[in-house]
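Below is one structure; the comments refer to it alone.
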Amino acid sequence: MNTYNLPNAQAILIHDNLDDLSLAVAQRIAAAAAQAIAARGVFHLVLAGGETPRRCYEKLRSLAIDWTHVQLYIGDERCLPKGDAQRNDTMIRATLLEHISIPQDNIHFIPSELGAHAAAAAYAALLEQVATLDMALLGMGEDGHTASLFPDNPATESTALAVPVFNSPKPPPDRVTLGMNTLNKARQKLFLVAGAGKRSALEQISCGILLPAARVKNAEWHIDRAALPN
Ligand code: 6PG
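Under this note's numbering, the sequence shown is numbered contiguously, ending at residue 482.
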């Protein structure tokens, strides 16, 4: 049941709970990977940070994916020391990478320990080598941010491939994120949105308020019932 008219959404899929949402997205990733590898020999996948994707990454472990032909990226990273428990790549290593055999050379995370400016420049240079990102996984914050593109933050208006972020309202203040144009250019964009905390942002987006997440066009929104309004 589509209770939203999320503008720009390509599809809206409502799931009973986070577990069902996570399995459905994991299966979408596996199918997209098989299609891309068959067609082009490679699948360029951008992983999301935060807490919501954890279970999806755990479910990916047991799906038949040819990881040797998958190139992994990350949508954003917090400027913290390498290995910090609060980094997004730390969560991705723990939930996925430590459980699959993927060549180290296929893993392209943001070197945020270099600081926001240097890390964004380095990641932009890397992204310039990639013709097209096949799929970008995205979370959405309670304020409607996605990746580290926050409302009323200058980084959200940048056209750069990768952007330094300062004064993030979600700690830590310094981050690096894929730019809005980079996200929009991905062949497929999948949002994972779960929990009552996301209701307000979804409501605002459905009323036409262009929060950053709403500016990602033609995305497939995977939403659990807890995030829907009563
Ligand atoms: C981060 C994430 C961020 C996240 C949203 C949703 O660094 O926190 O990249 O964009 O996806 O804030 O976070 P949750 O999934 O934890 O609600």
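Ideal Cβ positions, reconstructed from N, Cα and C, are used throughout, including at glycine.
- residue 254: buried (16+ other C-beta within 10 angstroms of its C-beta) or exposed? Confidence is the limiting factor: at residue 254 the pLDDT is only 47, short of 50, which leaves the residue's position unreliable, though a coordinate-based value still follows. Under this definition residue 254 is an exposed residue.
- Message: Out of 306, 288, 296, which one is the CA nearest neighbour of residue 357?
- Response: Of the listed residues, the one whose Cα sits closest to residue 357 is 296.
- Query: Whose C-beta lies closer than 7 Å to the C-beta of residue 376 among residues of the same chain, with five residues either side of it excluded?
  - Reply: If you ignore the 5 residues before and after residue 376, its C-beta comes within less than 7 Å of the C-beta of 412, 413, 414, all in its own chain and listed in chain order.
- Query: Sorted by chain position, which residues of the same chain lie with C-beta nearer than 6 Å to residue 475's C-beta, five sequence neighbours on each side aside?
  - Reply: Excluding sequence positions up to five before and after residue 475, its CB lies within less than 6 Å of the CB of 266, 445, all in the same chain and listed in chain order.
- Message: residue 427 and residue 400 - do their beta-carbons sit closer together than 8 Å?
- Response: It is a contact, given that the beta carbons lie within the stated cut-off.
- Query: Exposed or buried, what is residue 314 when buried is set at 16 or more other beta-carbons lying within 10 Å of its beta-carbon?
  - Reply: So residue 314 counts as exposed.
- Message: Relative to the C-alpha of residue 486, which candidate in 310, 311, 281, 304 has its C-alpha closest?
- Response: Absent from the structure is residue 486, since the part of the chain shown begins at 253 and ends at 482.
- Task: May I ask you to verify whether the stretch 350-369 touches the stretch 323-342, counting CB pairs closer than 8 Å and requiring at least 3?
- Result: Touching, per the Cβ criterion.
- Going along the chain, which residues of its own chain have a beta-carbon closer than 7 Å to the beta-carbon of residue 449, five neighbours each way excluded? Closer than 7 Å at the Cβ level, and outside the excluded window around residue 449, lie 394.
- Item | Separation of residue 340 from residue 302, as counted between CA atoms | Straight-line Cα distance between these residues: approximately 6 Å.
- Task: Identify the continuous alpha helix (DSSP H) that holds residue 322 and give its terminal residues.
- Result: Segment 322-326 is the beta strand (DSSP E) holding residue 322; no alpha helix (DSSP H) there.
- Please list, in chain order, all residues of the same chain as residue 417 whose beta carbon is under 6 Å from its beta carbon, the five residues on each side excluded. 400, 407, 427, 429.
- Query: Does the ligand 6PG have a heavy atom nearer than 7 Å to the CB of residue 422?
  - Reply: Residue 422 Cβ: within cutoff of the ligand 6PG.
- Message: With a threshold of 8 Å, are at least 3 pairs of Cβ atoms found where one atom belongs to the stretch 376-385 and the other to the stretch 331-338?
- Response: These segments do not touch.
- Query: Applying the criterion that 16 or more other CB atoms from any shown protein chain within 10 Å of the CB defines a buried residue, is residue 439 buried or exposed?
  - Reply: Sixteen is the threshold: since fewer than 16 other Cβ atoms of the shown chains lie within 10 Å of the Cβ of residue 439, the residue is exposed.
- heavy atom of the ligand 6PG below 7 Å from residue 267 C-beta: No, the beta carbon of residue 267 sits no closer than 7 Å to any heavy atom of the ligand 6PG.
- Simplified DSSP assignment, three categories, for residue 475: Residue 475 carries a strand assignment under DSSP once its states are collapsed to helix, strand and coil.
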